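*Asks:*
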Amino acid sequence: MRELSLETQRKTQLADITSLVGEAVSGQAGTAAVLYVPHTTAGIVIQANAGLAVARDVEAALERIVDESWSWQHTEEEGERNPWSHVRAALTATSVTIPLRGGELALGAFQAIFFCEFDGPRTRTVLVSIF
Amino acid sequence: MRELSLETQRKTQLADITSLVGEAVSGQAGTAAVLYVPHTTAGIVIQANAGLAVARDVEAALERIVDESWSWQHTEEEGERNPWSHVRAALTATSVTIPLRGGELALGAFQAIFFCEFDGPRTRTVLVSIF
Amino acid sequence: MRELSLETQRKTQLADITSLVGEAVSGQAGTAAVLYVPHTTAGIVIQANAGLAVARDVEAALERIVDESWSWQHTEEEGERNPWSHVRAALTATSVTIPLRGGELALGAFQAIFFCEFDGPRTRTVLVSIF
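Residue numbers (the numbering used here), protein chains in the order written: chain A, 3 to 133; chain B, 3 to 133; chain C, 3 to 133.
1. Are the beta-carbon atoms of Phe116 of chain B and Val39 of chain B separated by less than 9 Å?
2. Alpha carbons only, please: which of C:Asp121, C:Ser87, C:Ile19 and C:Ser28 is nearest the one belonging to Val47 of chain C?
3. Any Cβ of chain B within less than 9 Å of the Cβ of Ala34 of chain C?
4. Run the CB neighbour count on Gly45 of chain C, radius 10 Å, all protein chains shown included, and call it buried at 16 or more, exposed below.
5. Would Ser131 of chain B be called buried (16 or more neighbouring beta carbons within 10 Å of its own) or exposed?
6. So, does the segment 25-33 of chain A touch the segment 57-73 of chain C, judging by three or more C-beta pairs under 8 Å?
7. Would you mind reading off the limits of the beta strand (DSSP E) that contains Val56 of chain A?
8. Do the segment 6-22 of chain A and the segment 105-116 of chain A touch if we need at least three Cβ pairs shorter than 8 Å?
9. Between the alpha carbons of Leu102 of chain A and Ala26 of chain A, how many angstroms are there, rounded?
10. Going along the chain, which residues of its own chain have a beta-carbon closer than 8 Å to the beta-carbon of Leu93 of chain C, five neighbours each way excluded?
11. Anything in chain B within Cβ reach of Leu109 of chain C, meaning under 8 Å, just list it in chain order.
12. With 9 Å as the C-beta to C-beta threshold (strictly closer), list the residues of the segment 85-115 of chain C near chain B in chain order.
13. Given a threshold of 16 other Cβ atoms within 10 Å of its Cβ, counted over all protein chains shown, does Pro123 of chain A qualify as buried or as exposed?
14. For Arg12 of chain B, collect the residues of the same chain with a Cβ closer than 6 Å to its Cβ; drop the 5 residues on either side in sequence, then sort them by chain order.
15. Pull the bridge partners of Thr125 of chain B from the DSSP assignment, please.
16. Along the chain, where does the alpha helix (DSSP H) that runs through Arg83 of chain C open and close?
17. Nearest to Pro85 of chain B by alpha carbon, out of B:Ala62, B:Val36 and B:Thr42?
18. Can you tell me which of the three DSSP states Gln49 of chain B falls into?
19. Can you give me the start and stop residues for the alpha helix (DSSP H) that Ser21 of chain B sits inside?
20. Classify Leu2 of chain C: buried if its beta carbon has 16 or more other beta carbons within 10 angstroms, exposed otherwise.
21. Excluding the 5 residues flanking Gln113 of chain C on each side, which residues of the same chain have their C-beta closer than 6 Å to its C-beta?
Now the structure itself:
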């Protein structure tokens with residue numbers, strides 16, 4: 003298992019980690035790579051690598067779908083500072099399994115791997131295991 | 003493959019199954035554990051283990067994001083009793099793959115595994131396979 | 003790794019691929035099958051096989067949760083034609099891992115595997131790997 007480290011810059015941010023994961027996986031023998039996010043206010047999605055357009059639209063949509071102005075019943079009681087961050091993370095994936103082909107990630111032609119930060123900026127970790 | 007059984011108590015409920023899964027996995031040799039939910043009105047999420055606060059907020063948010071007052075076109079036609087339960091389940095995961103480290107789940111420090119009930123109370127099953 | 007091909011018919015469509023995947027997997031020795039969607043405007047969900055009712059309700063709900071009338075900031079700038087398709091895909095799964103039992107998918111009694119098209123009609127691919 004490899005532990006990849008990254009720094010996020012914004013509160014809500016899809017950070018492209020395709021190269022980071024690709025380097026960790028490259029040349030290793032195996033059938034697939036499992037990516038796992040050990041955080042509760044972050045997730046992972048595979049989305050389009052077309053500049054920043056799609057990533058920014060996904061960020062804005064997730065902020066809109068989970069509205070911070072809702073009444074968050076447990077925020078006061080238990081001091082939960084950022085309940086919306088947890089819900090946004092729950093709507094993305096905690097693990098994703100990507101097949102390997104010839105020792106490389108079998109991503110589609112337009113796919114990139116994005117770490118989804120919902121409570122940044124922070125230092126974050128992604129675990130990568132090969133099967 | 004192990005089949006874990008649990009009872010849910012409420013219609014919409016994130017039930018912490020971390021100990022249940024941990025015991026099933028503990029000491030087994032392998033690279034990762036795959037959890038699989040064989041139900042269509044339930045799912046699985048990895049979220050914060052900080053008391054009930056986050057779990058209750060995720061429950062409330064999923065009930066809000068998928069509103070039962072929407073017109074559900076097929077409810078009458080085909081007698082579908084709980085279409086919203088299926089949609090809420092579709093927004094969570096059916097499978098999650100968690101790396102193992104020294105024979106234990108490599109969960110993050112604040113992570114718990116939650117079974118997501120969207121049509122309880124019921125008796126439910128989670129499948130656990132080790133790779 | 004097998005590459006399954008399918009044709010979708012509608013813009014937003016849950017297409018039942020249970021038989022297609024079942025045939026690709028049938029009789030193979032292994033612990034689980036990983037399904038992977040190499041597209042950025044499509045995903046995969048496991049949902050109810052009860053006629054078309056549930057699938058149509060999931061389609062309608064995802065179109066409702068991600069509203070095309072929102073202001074999509076990057077649509078004009080970078081010519082992104084279908085930002086909502088990407089967001090809908092991000093809310094579903096890119097990969098799902100299904101345990102095998104006696105060489106067959108260990109799906110629950112009411113489960114079917116659906117390819118989720120969010121920008122159809124198109125010719126699409128699903129990758130299937132056995133562990």
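The C-beta atom is built at its ideal place from N, Cα and C for all residues, glycine as well.
Just so we're clear, the structure is a prediction, and the values are computed from it rather than from any experiment.
*Replies:* In this structure, then:
1. Start at 1 with the first residue of the second sequence, and residue 116 of chain B comes out as number 114. Start at 1 with the first residue of the second sequence, and residue 39 of chain B comes out as number 37. No.
2. The sequence position of residue 47 of chain C within the third sequence is 45, counting from 1. Among C:Asp121, C:Ser87, C:Ile19 and C:Ser28, the Cα nearest to that of Val47 of chain C is on C:Ile19.
3. Here residue 34 of chain C refers to the residue found at position 32 of the third sequence. Interface residue, yes.
4. Along the third sequence, one-based indexing puts residue 45 of chain C at 43. Flag for Gly45 of chain C reads buried.
5. On the second sequence, position 129 is the one that residue 131 of chain B refers to. Buried is the call here.
6. The segment 25-33 of chain A, when compared against the segment 57-73 of chain C, does not touch it at the 8 Å Cβ threshold.
7. Numbered from its first residue, the first sequence carries residue 56 of chain A at position 54. That residue, Val56 of chain A, is in no beta strand (DSSP E); its alpha helix (DSSP H) goes Ala55 to Ile67.
8. yes
9. What you label residue 102 of chain A is simply residue 100 of the first sequence in a count that begins at 1. What you label residue 26 of chain A is simply residue 24 of the first sequence in a count that begins at 1. Distance from the CA of Leu102 of chain A to the CA of Ala26 of chain A, rounded to the nearest whole angstrom, comes to 12 Å.
10. As a position in the third sequence, residue 93 of chain C is number 91, starting the count at 1. So the list reads Gly45, Leu64, Ile67 and Val68, once near-sequence residues are dropped.
11. Along the third sequence, one-based indexing puts residue 109 of chain C at 107. Here the neighbours are Pro40.
12. Answer in chain order: Leu93, Thr94, Ala95, Ser97, Val98, Thr99, Ile100, Pro101, Leu102, Arg103, Ala108, Leu109, Gly110, Ala111, Phe112, Gln113 and Ala114.
13. By one-based count along the first sequence, residue 123 of chain A stands at place 121. Flag for Pro123 of chain A reads exposed.
14. Taking the first residue of the second sequence as 1, we reach residue 12 of chain B at position 10. In chain order, Gly122 place their CB closer than 6 Å to the CB of Arg12 of chain B, counting only its own chain and leaving out the 5 sequence neighbours on each side.
15. Along the second sequence, read from residue 1 onward, the residue named residue 125 of chain B stands at position 123. Looking at the DSSP assignment, Thr125 of chain B forms a beta bridge with B:Glu9.
16. Taking the third sequence and counting its residues from 1, the one referred to as residue 83 of chain C is at position 81. Here Arg83 of chain C belongs to no alpha helix (DSSP H), and DSSP marks it neither H nor E.
17. Taking the first residue of the second sequence as 1, we reach residue 85 of chain B at position 83. The residue with the shortest Cα to Cα distance from Pro85 of chain B is B:Thr42.
18. Here the question's residue 49 of chain B lines up with position 47 in the second sequence. Note: Gln49 of chain B maps to strand in three-state DSSP.
19. Stepping through the second sequence from its first residue, residue 21 of chain B is reached at position 19. Unbroken alpha helix (DSSP H) run through Ser21 of chain B: Thr20 to Val27.
20. Nothing can be reported for residue 2 of chain C: it is not among the residues displayed for chain C, which extend from 3 to 133.
21. Counting from 1 along the third sequence, the entry for residue 113 of chain C is found at position 111. For Gln113 of chain C, where only same-chain residues beyond five positions count, the Cβ hits under 6 Å are Ile48.
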